[in-house]
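Visitor: Chains as they are written, first to last, in our numbering: chain A, 1 to 283; chain B, 284 to 555.
Beta carbons are placed, not taken as given, at the ideal position from N, Cα and C, and that holds for glycine.
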Amino acid sequence: MTKRTRNWLLLAPAGAWFLVMLIIPLTVVFIFSFGERAPSGGVVLAFSFEQYSNLPARWTAFKNTMTLAPIGTLLALLIAYPLAYFLAVKVSPKWKIILLVLVIVPFWTSILIRSYAWIFLLGGRGIPALLDMIGIEGVRLINTPFAVLVGIIYGYLPLMVFPIFVSLDKLDKRLLEASSDLGAKSWQTFLQITLPMSIPGIATGCMLVFILLMGEYLIPAMLGGGKVFFVGNALVDLFLQSRNWAYGSAVAVTLVVVMLITVTVYMRLISRLDASREDVSIM
Amino acid sequence: MKLYAVCVYLFLYIPIGIIALFSFNAGRHASQMQGFSVKWYGKTLSNPFVMDALENSLIVAFTSALCASVFGTMAAVALQGIKGPMRTAFDMLIYIAVMIPGIVIGIATLIGLVTVFDQLNPLLAALWPEGFTPPKLRMGMGSLIAAHTMFLMALVVIIVRARLAGMDRSLIEASSDLYAAPMGTFRQITLPMIFPAILAGFLLSFTFSFDDFIIAFFVAGSETTLPIYVFSSIRRGVTPEINAIGTMVLGVSLLLLITAQLLLQRGGHKSR
Chain A
1 MTKRTRNWLL LAPAGAWFLV MLIIPLTVVF IFSFGERAPS GGVVLAFSFE
51 QYSNLPARWT AFKNTMTLAP IGTLLALLIA YPLAYFLAVK VSPKWKIILL
101 VLVIVPFWTS ILIRSYAWIF LLGGRGIPAL LDMIGIEGVR LINTPFAVLV
151 GIIYGYLPLM VFPIFVSLDK LDKRLLEASS DLGAKSWQTF LQITLPMSIP
201 GIATGCMLVF ILLMGEYLIP AMLGGGKVFF VGNALVDLFL QSRNWAYGSA
251 VAVTLVVVML ITVTVYMRLI SRLDASREDV SIM
Chain B
284 MKLYAVCVYL FLYIPIGIIA LFSFNAGRHA SQMQGFSVKW YGKTLSNPFV
334 MDALENSLIV AFTSALCASV FGTMAAVALQ GIKGPMRTAF DMLIYIAVMI
384 PGIVIGIATL IGLVTVFDQL NPLLAALWPE GFTPPKLRMG MGSLIAAHTM
434 FLMALVVIIV RARLAGMDRS LIEASSDLYA APMGTFRQIT LPMIFPAILA
484 GFLLSFTFSF DDFIIAFFVA GSETTLPIYV FSSIRRGVTP EINAIGTMVL
534 GVSLLLLITA QLLLQRGGHK SR
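#1: By DSSP's criteria, A/Arg37 is part of a beta bridge. Which residues make up the other side?
#2: Buried or exposed for B/Leu539, going by 16 or more other Cβ atoms inside 10 Å?
#3: Counting contacts by CB-CB distance shorter than 8 Å, is A/Asn54 in contact with chain B?
#4: Could you name the residues of chain B that A/Leu26 contacts, counting a contact when the two beta carbons are closer than 7 Å?
#5: Taking C-beta pairs closer than 8 Å, name the residues in chain A that B/Ser536 reaches, listed in chain order.
#6: Could you tell me whether the Cβ of B/Tyr378 comes closer than 8 Å to any Cβ of chain A?
#7: Among B/Met316, B/Pro331, B/Lys366 and B/Ser320, which residue has its Cα nearest to the Cα of B/Tyr512?
#8: Tell me which residues of the region 117-143 of chain A have at least one Cβ-Cβ distance to chain B shorter than 9 Å, keeping chain order.
#9: Residues of chain B with CB closer than 8 Å to the CB of A/Arg114, please, in chain order.
#10: Quick one: does B/Asp494 have its CB under 8 Å from some CB of chain A?
#11: I'd like the span of the alpha helix (DSSP H) that includes B/Arg370, first residue to last.
#12: List in chain order: all unbroken alpha helix (DSSP H) runs of 4+ residues lying wholly within the region 389-476 of chain B.
#13: I need the straight-line Cα distance from A/Val291 to B/Ile525, nearest angstrom please.
#14: With H, G and I counted as helix, E and B as strand and the rest as coil, what does DSSP make of B/Asn339?
#15: Whole-angstrom Cβ separation of A/Leu122 and A/Val166, contact assumed at under 8 Å?
#16: Do we get a CB-CB distance below 8 Å when we pair A/Lys170 with the residues of chain B?
#17: Ignore the nearest five residues each way along the sequence and tell me which others in A/Val103's own chain have a CB closer than 6 Å to its CB.
#18: Using the Cβ count rule (16 or more neighbours within 10 Å means buried), how would you classify B/Val289?
#19: Buried or exposed, going by whether 16 or more other CB atoms sit within 10 Å of the CB of A/Gln51?
#20: Does any residue of chain B bring its CB to less than 8 Å from the CB of A/Phe32?
#21: Let me confirm a value: B/Tyr462 is counted as buried when at least 16 other C-beta atoms fall within 10 Å, else exposed. Which label applies?
#22: Is there a Cβ from chain C that is less than 8 Å from the Cβ of B/Gly425?
#23: Pull up the distance between the alpha-carbon of B/Val443 and that of B/Phe478, whole angstroms please.
#24: Can you tell me the Cα-Cα spacing of A/Leu74 and B/Phe400, whole angstroms?
#25: Name the residue from A/Ala14, A/Trp245 and A/Lys3 whose alpha carbon lies nearest to the alpha carbon of B/Lys366.
See below:
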């Protein structure tokens, strides 16, 4: 058996699997998005842009996603950066790994259970009840954009900390010492050395979090209670409740296209900002 | 700075801690602590719906993690040795599998498979010998395992490839210079070196599949997995039972994750 045949045989199962479970289904979604709704609930194949022209009916879902996803990403960045800096620069090597693992581990545990914890905390008998006791009454936290943002930060903070940590950890600490020896104030050192060096990490972290937030369903479903909903929630409604596959497919295709455009534009901006960008691994 | 870090860790762990604490609540209210008891664990473990969902989740997680590890490793090893359009195509596939939101994967799998099944079922019925009930393809455990395997394969390829890239090539060259058969080199050199990465990939895949809600929500048909059960009971109201399930799920995930982490680290040291 030649090396070439062997490689082909090794790739065959994965290739076939990707074809049947990824490429064909995505193609069906794409084709259906140009179809029409059949009276029986299925899809009549066609070539019409009717579904796409109906998109404004779900405008609120897109608007919520495109505002809360960037705000959530930004807040996660603001909270994650000081922690990543602390772990990379201030902590002794012995503790570094342990503390880093402690940040990452929650990300790999069930987001469902972790969001549920916040239903518990933000619900009527959680934090609002505590506020009640100290005299602040009538605070409603659950089912607000605030609750969804808390859930987002809680869910995706670990994913933001990790790449920033990686880029700051690679930073040569002697540079920082040299800078302060040469009389730079600590904020000058930060602005001129630390921050520019960590831009690849910031870029990776923001992109990962933003991509995942664009397709988010669980956090708004659990903490937004039908009042704050994302495109993901609209998709669940269209496919599992009203069973409008053609329209749902158009919404799904639009979501992916919007995501791809945003990511491409974003990558362009970042690579212009930092010409010598290095790749930072995900995990 | 230190104080800030402590606050973030508290933010990360207090909610989980509160769930764990309340799972030991003796009272029947979910949000009022009334003494310590493990009765909710007993109730949960004797609830047939929970046990059924748990069994489904374990079967799906184990099967899809196993398939993903085997096929993913095979692909990663092959990709190491090829260049050109085939490699570009595979890189694209892995990129797409990771980039596309889980919810879109779920939807695509649902309508893709339902459409294909609608075509195949009459065909099967026509081909089947008369007098026997023809098999009917439908959404369920099989489709869920297939969907999870697809996504997890991409994950395993990424992990194993990173390990292969960090490997000392000279050992493989030495082995083939000494006239070892390719299969012998693979079994005695490559496999032992990438094994920690494969095992870590398996454990991460298992955790991911076990915790996945959104793909299962679309693809599992009438079957219930543990996350689907938990989601629908949260919809019905917060109960101490969910706290107990949550604590157990978090506990198991933590255990698997720490094992995976240790494996990746030990593997990393060995090669240096």
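Guide: Taking the definition as stated:
#1: Residue numbering aside, residue 37 of chain A sits at position 37 when the first sequence is read from its first letter. Note: A/Arg37 is bridge-paired with A/Val43 in the DSSP secondary-structure output.
#2: By 1-based counting over the second sequence, the position of residue 539 of chain B is 256. Answer is buried; the Cβ neighbour count reaches 16.
#3: By one-based count along the first sequence, residue 54 of chain A stands at place 54. For A/Asn54, the answer is no, since every Cβ of chain B falls outside 8 Å of its Cβ.
#4: One-based indexing of the first sequence puts residue 26 of chain A at position 26. Residues of chain B passing the Cβ test: Ala391.
#5: On the second sequence, position 253 is the one that residue 536 of chain B refers to. Identification of chain A residues near B/Ser536 by a Cβ-Cβ cut-off of 8 Å yields Trp108, Thr109 and Ser110, ordered along the chain.
#6: The sequence position of residue 378 of chain B within the second sequence is 95, counting from 1. Using beta-carbon distances, B/Tyr378 does not count as an interface residue toward chain A, since no partner is under 8 Å.
#7: Taking the first residue of the second sequence as 1, we reach residue 512 of chain B at position 229. The closest CA to that of B/Tyr512, considering only B/Met316, B/Pro331, B/Lys366 and B/Ser320, is found on B/Pro331.
#8: Within the region 117-143 of chain A, the qualifying residues are Ala117, Trp118, Ile119, Phe120, Leu121, Gly123, Gly124, Arg125, Gly126 and Ala129.
#9: By 1-based counting over the first sequence, the position of residue 114 of chain A is 114. A/Arg114 reaches chain B at Pro298 and Ile299, counting residues in chain order whose Cβ is nearer than 8 Å.
#10: Here residue 494 of chain B refers to the residue found at position 211 of the second sequence. Yes, contact with chain A.
#11: On the second sequence, position 87 is the one that residue 370 of chain B refers to. B/Arg370 -> alpha helix (DSSP H) spans Pro368 to Met382.
#12: Correct list: 424-448, 452-460 and 465-468.
#13: Residue coverage of chain A in this structure runs from 1 to 283, which leaves residue 291 of chain A outside it and unanswerable.
#14: The residue you call residue 339 of chain B lines up with position 56 of the second sequence. Here B/Asn339 sits in helix by DSSP.
#15: Here residue 122 of chain A corresponds to residue number 122 of the first sequence, with the count starting at 1. Here residue 166 of chain A corresponds to residue number 166 of the first sequence, with the count starting at 1. No, A/Leu122 and A/Val166 are not in contact; Cβ-Cβ is about 32 Å, not under 8 Å.
#16: Stepping through the first sequence from its first residue, residue 170 of chain A is reached at position 170. Under the 8 Å criterion on CB atoms, A/Lys170 is classed as non-interfacial with respect to chain B.
#17: Position 103 of the first sequence, counted from the first residue, corresponds to residue 103 of chain A. In chain order, Pro158 and Val161 place their CB closer than 6 Å to the CB of A/Val103, counting only its own chain and leaving out the 5 sequence neighbours on each side.
#18: Numbered from 1 along the second sequence, position 6 holds the residue referred to as residue 289 of chain B. Exposed, since its Cβ has fewer than 16 Cβ neighbours within 10 Å.
#19: Your numbering for residue 51 of chain A matches position 51 in the first sequence. Here A/Gln51 is buried. Its C-beta has 16 or more other C-beta atoms within 10 Å.
#20: Your numbering for residue 32 of chain A matches position 32 in the first sequence. At least one chain B Cβ lies under 8 Å of A/Phe32.
#21: Position 179 of the second sequence, counted from the first residue, corresponds to residue 462 of chain B. Answer is exposed; the Cβ neighbour count stays below 16.
#22: The structure shown contains no chain C; its protein chains are A and B.
#23: As a position in the second sequence, residue 443 of chain B is number 160, starting the count at 1. As a position in the second sequence, residue 478 of chain B is number 195, starting the count at 1. Computed Cα separation, rounded: 9 Å.
#24: Working through the first sequence from its first residue, we reach residue 74 of chain A at position 74. Working through the second sequence from its first residue, we reach residue 400 of chain B at position 117. Near 44 Å, if we compare the C-alpha coordinates of B/Phe400 and A/Leu74.
#25: Here the question's residue 366 of chain B lines up with position 83 in the second sequence. Of the candidates A/Ala14, A/Trp245 and A/Lys3, the one whose C-alpha sits nearest the C-alpha of B/Lys366 is A/Lys3.
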